[in-house]
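J.:
2 protein chains.
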Amino acid sequence: MRKFINDPENVVDDMLEGLLLAHSDQLKSVRKDNRALVRADAPVQGKVAIATGGGSGHLPLFLGYVGKGMLDGVAVGDIFASPNPNQMLDATRAIHGGKGVLYIYGNYGGDVMNFDTASELADLENIRVESVVATDDVASMPKSHEQQRRGVAGMFYLYKLAAAKAETGADLDEVKRVAEKANSRVRTMGVALSPCILPAVGHPTFHIGEGEMEVGMGIHGEPGIQHGKIQSADEIAKTLVSSILQDMPIEKGQKVSVLINGLGATPLEELYIVYKAVHTLLEGYGIEVYSRYIGEFATSLEMAGLSVSILNMDEELRELIDVPFHTPFRVQI
Amino acid sequence: MRKFINDPENVVDDMLEGLLLAHSDQLKSVRKDNRALVRADAPVQGKVAIATGGGSGHLPLFLGYVGKGMLDGVAVGDIFASPNPNQMLDATRAIHGGKGVLYIYGNYGGDVMNFDTASELADLENIRVESVVATDDVASMPKSHEQQRRGVAGMFYLYKLAAAKAETGADLDEVKRVAEKANSRVRTMGVALSPCILPAVGHPTFHIGEGEMEVGMGIHGEPGIQHGKIQSADEIAKTLVSSILQDMPIEKGQKVSVLINGLGATPLEELYIVYKAVHTLLEGYGIEVYSRYIGEFATSLEMAGLSVSILNMDEELRELIDVPFHTPFRVQI
């Protein structure tokens, strides 16, 4: 197997130990099994706390977004598997600063079930919890079924904007409102060129032929909506952007933020080539790219591929997008 | 070909156009062909300017290190090919703020020849230029031939420390001294698990078998020093760290900085697993990991692999390592 690991069963534990050795100034573990991590200064009193969680194998998603100006805590699952409710509850307890806790996570069956249970358990301890489930992946369900869509890289915007709102001292309802607004205004389309390899399996669990691409493939290898020969970067950008704009029309003159997310093995050079195409297309529609993020934000181990997310901003989101944050994985100043 | 590109001949041009569209607030082009980029606020008067350059395909190396608190300019070559002296000279002219220019680059034939020519051309224009050539790759030449070694990811430390020194207002000799000191105190060992694909070729130009690893392979696929079945992360870390410490003994109680660099396709999860092993080994030797960088710092397109660099710091380097910087690709605060 082409991986830098020890026992495949210990991949997540080894990774978490490395992470805590590296970043103990910014993160702390609140469980013996390290499956709940929080900001080193948690709980932050008088601020709405935000927690997330999900399966491992997507770094910097999820735990890479815990830090100042971003999230307060995270529950960490095995590779591509949901964390359990107790792990979520321990994160929740450790971050609650008296103003309630918002869960933001992606729409996957196990995560929804477990976060709902954690939320009920927190309620018994008089911690008020609200939840916003990210559903930005256009390809995962057709229009009119938006709420059943999966959450992918666009979740970064829910985190970033809700966290920026929480920094202002806003209450839980307000922070939740911003997360919901971000979710309603962001769409993502992805394309994969190669599968990824689960450490415990040792070989790819799905197949993409050499020189082929799968448009709309999910970050766990969920089947896409279009399969064929790989096209040029410009053509691919056009497919992704037009799918997004068909699903969520954006008026001329609007300001957007664009996220070009690498899925693991895609060189940064290629992400910039795709950014050029996306920027040029949007400009052609009269849409202004006000901000952009280019790099790895939500990966699938070593999958070759990328996704494009577009956030259609109103005045409120435009102000929140500029708020600085500081995590071990990414800094915005 | 498994790549997001348009015409393979235009990969670097397309990438640079994307980069300039994305980061025009931080970077500007000083040539029509965009092959010389400098800080948006260049030249910074009264500061020693630092330039680098080299072939493309290694992002964030080289151009990703241009920015505040880091480098002033970069000459950009084609994929894995040196930029030419005129491109270097244009960068030099645009960043010279009256205190001279330091070139820091990796030890590769074409780069050395072209930077030397650029330096002579700059001299004719009364711009004083000094050069420091990075030679951190232990595996590329045996001990006692250190000066013939290649420069790889450890070059990050030369940039970071020399730039921090330049920020203090130090003169060219002092900044050069710090870059040389960093070079003499940093060593890198890499290991590759897969080849990479040159866009203009379309298939790998060298071979690593499935489940095999090549210790000491260069970032352009230069042959390594040890070939065999892939070992566990702990064993690999031991091989890399002991090779470094054999080459550059570090005394108990010393403070080091560690760089775990992904070569392209290696998941961040695995870099943290290796970090855990490296940290634990060094701790066992009584060496303190004072700072660490974990991520992609010098890649080889989509090569799977990683390198470990260790910087043995004295008091001066320890102070300089903490100085903030801000580039489009990386921020330290």
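In the order they appear, the protein sequences are chains A and B.
So the first sequence is residues 10 to 342, counted in the working numbering.
So the second sequence is residues 10 to 342, counted in the working numbering.
Using N, Cα and C, we set each Cβ at its ideal position, and we do this for glycine too.
#1: Assuming residue 283 (chain A) contacts residue 242 (chain A) under a Cβ cut-off of 8 Å, what Cβ separation, rounded to an integer in Å, is found between them?
#2: Excluding the five sequence neighbours on either side, which residues of its own chain have a C-beta within less than 8 Å of the C-beta of residue 176 (chain A), listed in chain order?
#3: Just checking my contact of residue 76 (chain B) with residue 51 (chain B) at CB under 8 Å: how many whole Å lie between their CB atoms?
#4: Any beta carbon of chain B sitting closer than 9 Å to that of residue 35 (chain A)?
#5: Between residue 71 (chain B) and chain A, is any beta-carbon pair separated by less than 9 Å?
#6: Using 9 Å as the limit for Cβ to Cβ distance, is residue 277 (chain B) near chain A?
#7: Do the segment 87-95 of chain B and the segment 120-128 of chain B meet, that is, are 3 or more Cβ pairs less than 8 Å apart?
#8: May I ask which residues mark the beginning and end of the alpha helix (DSSP H) holding residue 24 (chain A)?
#9: Looking only at DSSP bridge pairs, what is residue 38 (chain A) linked to?
#10: Would you kindly check if the distance between the Cβ of residue 181 (chain A) and the Cβ of residue 134 (chain A) is under 9 Å?
#11: Determine the closest residue to residue 272 (chain B) out of B:281, B:295 and B:306, with distance taken between C-alpha atoms.
#12: List, in chain order, every chain B residue whose beta-carbon is nearer than 8 Å to that of residue 105 (chain A).
#13: Quick check: what's the CA-CA separation for residue 279 (chain A) versus residue 45 (chain A)?
#14: Hey, does residue 43 (chain B) have any beta-carbon neighbour from chain A nearer than 9 Å?
#15: Establish whether the CB of residue 83 (chain B) and some CB of chain A are separated by less than 9 Å.
#16: For residue 222 (chain B), does the count of other Cβ atoms within 10 angstroms reach 16, so buried, or fall short, so exposed?
#17: Shorter than 9 Å from the beta carbon of residue 24 (chain B) to some beta carbon of chain C?
#18: Return helix, strand or coil for residue 327 (chain A), following the three-state DSSP convention.
#19: Taking 7 Å as the limit between beta carbons, can you name the residues of its chain near residue 71 (chain A), skipping five residues before and five after?
#20: Does residue 328 (chain A) get closer than 9 Å to chain B when you measure Cβ to Cβ?
#21: What would DSSP say about residue 288 (chain A), mapped onto helix, strand or coil?
#22: Could you tell me which residues DSSP pairs with residue 271 (chain A) in its beta bridges?
#23: Residue 321 (chain A) and residue 210 (chain A): beta carbons closer than 9 Å?
#24: With the cut-off set at 9 Å, would you say residue 206 (chain B) and residue 311 (chain B) are in Cβ contact?
#25: Hey, does residue 11 (chain A) have any beta-carbon neighbour from chain B nearer than 9 Å?
#26: Sorted by chain position, which residues of the same chain lie with C-beta nearer than 8 Å to residue 85 (chain B)'s C-beta, five sequence neighbours on each side aside?
#27: Anything in chain A within Cβ reach of residue 264 (chain B), meaning under 7 Å, just list it in chain order.
#28: Does the separation of the CB atoms of residue 267 (chain A) and residue 340 (chain B) fall below 9 Å?
#29: Can you find a CB in chain A that lies within less than 9 Å of the CB of residue 295 (chain B)?
#30: Please give me, in chain order, every unbroken run of the beta strand (DSSP E) with length at least 3 that falls completely inside the segment 57-109 of chain B.
#31: If you drop the 5 nearest sequence neighbours on each side, which residues of the same chain put their C-beta closer than 7 Å to that of residue 281 (chain A)?
#32: Taking only three categories from DSSP, how would you classify residue 321 (chain B)?
#33: List the DSSP bridge partners of residue 113 (chain B).
#34: Residues of chain B with CB closer than 8 Å to the CB of residue 243 (chain A), please, in chain order.
#35: Could one say the Cβ of residue 185 (chain B) lies closer than 9 Å to chain A's Cβ atoms, at least one of them?
#36: Are the C-beta atoms of residue 255 (chain A) and some chain B residue less than 9 Å apart?
T.: In this structure, then:
#1: Correct: roughly 5 Å between the Cβ atoms.
#2: The answer, listed in chain order, is 56, 78 and 332.
#3: No, residue 76 (chain B) and residue 51 (chain B) are not in contact; Cβ-Cβ is about 11 Å, not under 8 Å.
#4: Nearest CB-CB separation between residue 35 (chain A) and chain B: not below the 9 Å threshold.
#5: Not one chain A Cβ lies under 9 Å of residue 71 (chain B).
#6: Using beta-carbon distances, residue 277 (chain B) counts as an interface residue toward chain A, with a partner under 9 Å.
#7: Judged by Cβ distances under 8 Å, the segment 87-95 of chain B makes contact with the segment 120-128 of chain B, as three or more pairs qualify.
#8: Run containing residue 24 (chain A): 20-31, per the alpha helix (DSSP H) assignment.
#9: A:46.
#10: Contact flag unset, no.
#11: Considering only alpha carbons, the answer is B:306.
#12: Contact of residue 105 (chain A) with chain B by beta-carbon distance below 8 Å is absent, the smallest such distance being about 28 Å.
#13: Per the coordinates, the alpha-carbon of residue 279 (chain A) lies some 35 Å from the alpha-carbon of residue 45 (chain A).
#14: Chain A contact via Cβ: absent.
#15: Not one chain A Cβ lies under 9 Å of residue 83 (chain B).
#16: With 16 or more Cβ atoms within 10 Å of its Cβ, residue 222 (chain B) is classed as buried.
#17: The structure shown contains no chain C; its protein chains are A and B.
#18: Three-state DSSP puts residue 327 (chain A) in a helix.
#19: Around residue 71 (chain A): 61, 62, 63 and 83.
#20: For residue 328 (chain A), the answer is no, since every Cβ of chain B falls outside 9 Å of its Cβ.
#21: DSSP places residue 288 (chain A) in helix when its eight states are reduced to three.
#22: Looking at the DSSP output, residue 271 (chain A) shares a beta bridge with A:315.
#23: Result no, Cβ atoms of residue 321 (chain A) and residue 210 (chain A) do not sit closer than 9 Å.
#24: Their beta carbons are under 9 Å apart, which means residue 206 (chain B) touches residue 311 (chain B) by this criterion.
#25: For residue 11 (chain A), the answer is yes, since a Cβ of chain B falls inside 9 Å of its Cβ.
#26: Around residue 85 (chain B), the same chain offers 21, 25, 43, 44, 45, 46, 62, 65, 71, 72, 92 and 96 as residues with beta carbons nearer than 8 Å, after the five sequence neighbours per side are excluded.
#27: Chain A residues near residue 264 (chain B): none, gap ~15 Å exceeds 7 Å.
#28: Their beta carbons are not under 9 Å apart, which means residue 267 (chain A) does not touch residue 340 (chain B) by this criterion.
#29: Taking Cβ atoms only, chain A never reaches closer than 9 Å to residue 295 (chain B), which makes this a no.
#30: You should have 58-65 and 82-88.
#31: By the criterion of a C-beta distance shorter than 7 Å, residue 281 (chain A) is surrounded in its chain by 303, once the five residues flanking it on both sides are discounted.
#32: DSSP places residue 321 (chain B) in strand when its eight states are reduced to three.
#33: Looking at the DSSP output, residue 113 (chain B) shares a beta bridge with B:141.
#34: Against chain B, a Cβ distance below 8 Å from residue 243 (chain A) picks out 15.
#35: So, not an interface residue.
#36: With a threshold of 9 Å between beta carbons, residue 255 (chain A) makes no contact with chain B.
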